[in-house]
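Asks: Letter by letter, the sequence shown follows residues 134 to 214 in our numbering.
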Amino acid sequence: MAREFRHALDDILEAINGIQAAVAGKTLADYQGDWVLKHAVQRGIEIISEASRALPHEVKALQPDIPWRQVRTIGNVLRHE
Numbered sequence: 134m135a136r137e138f139r140h141a142l143d144d145i146l147e148a149i150n151g152i153q154a155a156v157a158g159k160t161l162a163d164y165q166g167d168w169v170l171k172h173a174v175q176r177g178i179e180i181i182s183e184a185s186r187a188l189p190h191e192v193k194a195l196q197p198d199i200p201w202r203q204v205r206t207i208g209n210v211l212r213h214e
């Protein structure tokens, strides 16, 4: 389980860093008008959502300000949009 947990954290951090790099210097209009950018960001969010499911409750409890339930469910929303 520890390995899966670390892998999930790595996936989350990589997705966050990728999203930040992709949107750096972009405006909302840029995002809305760029199909590739929009789908890259959405895929990053899906990765974060899926990886969050692998985090043990004890780890999530360390960050109570993060809305974990919403993080978990946003992936489904995006996949079925």
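Don't be surprised by glycine CBs; every beta carbon is placed ideally from N, CA and C.
1) Under three-state DSSP, which class holds Thr-206?
2) Spatial neighbours of Leu-188 within its chain, please: CB distance less than 7 Å, with the 5 preceding and 5 following residues excluded, ordered by chain position.
3) Could you tell me the distance, in whole angstroms, from the CA atom of Gln-175 to the CA atom of Gly-166?
4) Roughly how many angstroms lie between the CA atoms of Ala-157 and Glu-191, to the nearest whole one?
5) Cβ atoms of Arg-202 and Glu-179: under 8 Å apart, would you say?
Replies: Looking at the coordinates:
1) DSSP places Thr-206 in helix when its eight states are reduced to three.
2) Phe-138 and Ala-141, listed in sequence order.
3) 14 Å
4) 33 Å
5) no
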